[in-house]
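Asks: Under my numbering, the first residue of the sequence shown carries the number 1036, and numbering increases by one thereafter. No residue lacks a Cβ here, since even glycine has one placed at the ideal position from N, Cα and C. Predicted model, so just to flag it, every value in this text is computed and none were measured. Quick one: this structure, given as structure tokens, is what I'll be asking you about.
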Amino acid sequence: MAKESITLIDNRTGKSYEIAISYGIYPLDGAAIRASDLRQVKVSEDDFGLMSYDPAFMNTASCQSTITFIDGDKGILRYRGYPIEELAEKSTYLETAYLVLYGELPTKAQLEKWTHDITWHTMIHENIKKFMDGFHYDAHPMGMLVSTVAALSTFYLDAKHIFDAGSRKTQTHRLVGKMPTLAAFAYRHSLGRPYAYPDNDLSYTGNFLNMLFKMTEVKYKPNAILEKALDVLFILHADHEQNCGTNAMRCVGSSQADPYCAVAAAAAALYGPLHGGANEAVLRMLGEIGSKGKVPEFVKKVKAGEGKLMGFGHRVYKNYDPRAKIIKRVADEVFEVTGRNPLLDIAIELERIALEDEYFIKRKLYPNVDFYSGIIYQAMGFPVEMFPVLFAIPRTSGWIAQWEELLLDAEQKISRPRQVYLGQDTRSYVGIEQRETGKTGQTSPKGVA
Ligand code: SDX
């Protein structure tokens, strides 16, 4: 066996096993053994063999991917090799979405066609308005988005042809094109305002702002600074390798469900406050703190285990989230137009104190993408409930890219993890007359060490 291997000795049997190590493109990042190679480690022929037990996949690679690279210690994020800092400065969201989806920056002609194809699909079926109208006025827009994007699968039956490249491309155009429309319609519904239809003369984010904020003017004119700021924020949220929402997208996609239902599952996962719902939770947290002077008292509570510092911490980044740095810069540009959001002062004070405090330093907790984004969104006039929706829209291109990579990966099949069973051994049925409360006959389970 080549030296690129490990030797396992099973102390139960004294047997040794050589297990190959494979690598990603960086020798010090991505070295892995195949978990299935552990199955040969047995104590007897009828032994199922060794599994790896990894709750929450803390140390498990579920796939090989070429889309996004993150170095958590160095605070590096690259889409298809391009640093996020360069894309945020020089690209646009639609161009970045093309890159994330197809692996290369588009030529001028490709970008023009891509932009046309997305713009062509911004309208939604009029019937969708009927179930939008069915929601309560105070329905959370993420709940509306998750359900309406799933409902799109009932309008586009061709979406089930997931192994047809042409069908996947059409669904990609529809999803990237329609997510802003669904989001804006949900927002307008919550305000009791008439839906504002897409204006295909505008940019992707300009049209989104139009559908959100157009009132009686004949033609909405987006503020160029806010349009650009939102575009940068969309670039930052386009993809993030195997996060919780993407894992949901891949898992649902692995059963060969259509991409609308898979995106709905991914958006549902993103909705959680530990994931994309954190940007909403940050604003509520800053509002509860109320002033800079109250920050030390709040930090004390977090350190006492009374809640989390929302917008801080990350499973991968053990350094500053590179996206948070860029968002802080965008905030200054937005506040030039909207006026400074006073919550920013509380956020900056919270960051200052946390980054000096051993509790957070020891746990390598730094601001993540959600810490500052909500402050910008609020200054732009979005209600906090819309913040996770503003995360889901740009992430749709990443979800689709990851879904397509899964479908085309010959090694992938339906996701179906194993388990370590700690329940009851076999036992016979007991008639209701014999069942007495308190006599469970339960044996105490042996947990995994
Ligand atoms: C996103 O995965 C992605 O890529 C996600 C994302 C993307 O682009 O898709 O980057 C987007 O979801 C960003 C994260 C947004 N979530 C939040 O801001 C919520 C607050 N953060 C935490 O809930 C937490 O940091 C997570 C969920 C982000 C990460 O959780 P982990 O990796 O499971 O870490 P953990 O919960 O095991 O925490 C390790 C320790 C614990 O303390 P001890 O038990 O060791 O004493 O750190 C503590 C935790 O209590 N801790 C925090 C904390 N986050 C972790 N303590 C206070 N405040 C926090 N925010």
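#1: Quick check: the Cα distance between VAL1253 and THR1216, rounded to an integer number of angstroms?
#2: Is the closest heavy atom of the ligand GTP to the C-beta of VAL1337 under 6 Å?
#3: What would DSSP say about TYR1117, mapped onto helix, strand or coil?
#4: With DSSP as the reference, label ASP1274 as helix, strand or coil.
#5: Using only alpha-carbon positions, find the residue among TYR1464, ALA1219, LEU1043 and PRO1118 that is nearest to ASP1274.
#6: In angstroms, rounded to a whole number, what distance separates the CA positions of LEU1073 and LYS1448?
#7: Using the C-alpha atoms, what's the distance from HIS1224 back to GLY1288?
#8: Pick from GLU1161, LYS1397 and LEU1379: whose alpha carbon is nearest that of ILE1324?
#9: Does at least one heavy atom of the ligand SDX sit under 6 Å from the Cβ of ASN1282?
#10: Along the beta strand (DSSP E) that carries ASP1106, what are the first and last residues, could you check?
#11: Excluding the 5 residues flanking GLY1107 on each side, which residues of the same chain have their C-beta closer than 6 Å to its C-beta?
#12: Just the C-alpha distance for THR1048 and TYR1088, rounded to the nearest angstrom, thanks.
#13: How many Å lie between ILE1381 and GLY1374 at the Cα?
#14: Apply the 10 Å Cβ neighbour rule to PRO1423 and answer buried if 16 or more other Cβ atoms are within range, or exposed otherwise.
#15: Where GLU1341 and VAL1317 are concerned, what is the direct C-alpha to C-alpha distance, given to the nearest angstrom?
#16: Excluding the 5 residues preceding and the 5 following ASP1266 in the sequence, name in chain order all residues of the same chain whose CB lies nearer than 6 Å to its CB.
#17: Considering only their Cβ atoms, is the gap separating LYS1249 from ALA1231 smaller than 7 Å?
#18: Does the pairing of the region 1292-1300 with the region 1189-1196 give three or more beta-carbon distances under 8 Å?
#19: For ASN1376, count neighbouring Cβ atoms within 10 angstroms of its own Cβ and tell me buried if that reaches 16, exposed if not.
#20: Taking 6 Å as the cut-off, is the C-beta of ALA1313 nearer than that to any heavy atom in the ligand SDX?
#21: Identify every residue that forms a DSSP beta bridge with LEU1043.
#22: Look at the Cβ atom of ILE1362, then the Cβ atom of SER1408, and state whether they are nearer than 7 Å.
#23: When the Cα of TYR1114 is compared with those of GLU1384, ALA1132 and VAL1404, which residue comes out closest?
#24: Let's test the definition: count the other Cβ atoms within 10 Å of the Cβ of SER1001 and tell me whether it reaches 16, buried, or not, exposed.
#25: So TYR1355 packs on TYR1401, CB below 8 Å; how close in whole Å?
#26: Can you tell me whether DSSP reads MET1036 as helix, strand or coil?
#27: Between which two residues does the alpha helix (DSSP H) carrying PHE1243 extend?
#28: Beta carbon of LYS1249: closer than 6 Å to some heavy atom of the ligand SDX?
#29: Can you tell me whether ALA1067 is helix, strand or coil according to DSSP?
#30: Express the C-alpha separation of LEU1321 and TYR1394 in angstroms, rounding to a whole number.
#31: If we call anything under 7 Å between Cβ atoms a contact, is PRO1429 one with PHE1269?
#32: With a 10 Å radius around its C-beta and 16 neighbouring C-beta atoms as the bar for buried, classify GLU1485 as buried or exposed.
#33: Where does the unbroken alpha helix (DSSP H) through MET1093 begin, and where does it stop?
#34: Once the 5 residues before and after ALA1096 are set aside, which same chain residues still bring their CB inside 6 Å of it?
#35: Measure the alpha-carbon distance for ALA1436 versus GLU1161 and round it to whole angstroms.
#36: Go through its chain and collect everything with a Cβ distance to ASN1235's Cβ below 6 Å, but skip five positions before and after it.
Replies: According to the structure data:
#1: 19 Å
#2: This structure simply doesn't include the ligand GTP; it includes the ligand SDX instead.
#3: strand
#4: coil
#5: PRO1118
#6: 19 Å
#7: 30 Å
#8: LEU1379
#9: no
#10: 1103-1106
#11: VAL1351, TYR1352 and LYS1353
#12: 21 Å
#13: 16 Å
#14: buried
#15: 15 Å
#16: THR1127, TYR1128 and THR1240
#17: yes
#18: yes
#19: buried
#20: yes
#21: TYR1052
#22: yes
#23: ALA1132
#24: A query on residue 1001 cannot be resolved here, the shown segment of the chain reaching from 1036 to 1484 and no further.
#25: 5 Å
#26: Note that MET1036 has pLDDT 49, beneath the 50 cutoff, so the model's placement of it is unreliable and the number below is only indicative. Coil.
#27: 1239-1248
#28: no
#29: strand
#30: 20 Å
#31: yes
#32: The structure shown does not extend to residue 1485, since the chain is modelled only from 1036 through 1484, so no value can be given for it.
#33: MET1093 -> no alpha helix (DSSP H), and no H or E assigned at all.
#34: ALA1067
#35: 28 Å
#36: THR1154
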